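Start counting the sequence shown at 2; every next residue gets the next number (our numbering).
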Amino acid sequence: MRDLKIETARAFVPLLQPSRYKAAHGGRGSGKSHFFAEKLIEDCIAEPGESGGQGMRSVCIREVQKDLAQSSKLLIETKLKALELGEPDGFKVFRDVIQTPGDGLMIFKGMNDYTADSIKSLEGFKRAWWEEAQTATSLSLELLRPTLRAEGSEIWFSWNPDKNTDPVDAFLRCEDPPPDSVVIEVNFTDNPNFPDVLRAEMEYDRKRDFDKYMHVWQGKYKKQSQALVFKN
């Protein structure tokens, strides 16, 4: 396979080293999803299942996923096209899964569809990427964490924070986070490719509603007054 070089924004460099838990939280436009989609592709290439072994198996998760349109599949497909990776490189896109080098696999699931028995199907998986993790429930976290037990397996989280009591924040942004975890905060200011169309939206929110700007664009917890406005 040809050499693959993907530029990584400086803010995400701490997530390049192997770690059991990798997490990126922050506001809109930070590039969190783009980083993890590219990193997942890189890791699949790095472990192609040589010497008769199987390629990397990975799962992209949301708490609730009613259909594939709500998953990370389209973003990963877009990245594969941009990187000019296809069947000769071991990637093949199907309706609900993506085949990766060495007969590896990416699947896309909603955690609320799993039970204590069905989650066992993920035991041999090496990567789990939990997108929009602010919606994760304590039960779902408790189901997933001990299930990914393969040597060198990693669990990734990306989310725009909502409340400091949300399970993912209580788990990873506490005074005593789990061992072998790397947690970073990233915002639009860390994204060298922040698009102008989003910059205009950001400036509008900053002038019109500063609390909303801090929550949406700077990744701060939602204030109670703001939550009431959103609800109304």
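All C-beta atoms, glycine included, are put in the ideal place defined by N, C-alpha and C. What you are looking at is a predicted structure, and each value in this text was computed from that prediction instead of being measured.
Do the stretch 38-57 and the stretch 212-224 make contact, defined as three or more Cβ pairs closer than 8 Å?
A contact is defined here as three or more CB-CB pairs under 8 Å, and the stretch 38-57 fails this definition with respect to the stretch 212-224.
Label residue 115 either buried or exposed according to how many other C-beta atoms from any shown protein chain fall within 10 Å of its C-beta, with 16 as the threshold for buried.
Residue 115 counts as buried, since at least 16 other C-beta atoms from the protein chains shown sit within 10 angstroms of its C-beta.
Identify every residue that forms a DSSP beta bridge with residue 22.
Beta-bridge pairing links residue 22 to 156, 182.
Can you tell me where the alpha helix (DSSP H) with residue 59 in it begins and where it stops?
No alpha helix (DSSP H) contains residue 59, which is instead part of the beta strand (DSSP E) from 58-63.
Do three or more CB pairs link the stretch 160-172 to the stretch 91-104 at distances below 8 Å?
Between the stretch 160-172 and the stretch 91-104, the count of Cβ pairs shorter than 8 Å is below three; the stretches do not touch.
Between residue 158 and residue 173, which are expected to be in contact by the criterion C-beta below 8 Å, what is the C-beta distance as a whole number of angstroms?
The Cβ separation is near 7 Å, so the contact holds.
How many angstroms separate the CA atom of residue 68 from the CA atom of residue 41?
If you take the alpha carbons of residue 68 and residue 41, they lie about 21 Å apart.
Thinking just about the alpha-carbon of each residue, which of 30, 23, 20 is nearest to the one in residue 197?
The shortest Cα separation from residue 197 among 30, 23, 20 belongs to 30.
Over the uninterrupted beta strand (DSSP E) stretch that includes residue 164, give me the two end residues.
First-last for residue 164: undefined, no H or E at that position.
Cutoff 7 Å; reference residue 108; Cβ partners in own chain excluding five residues on either side:
Non-local C-beta neighbours of residue 108 in its own chain, meaning closer than 7 Å and more than five positions away in sequence, comprise 60, 98, ordered along the chain.
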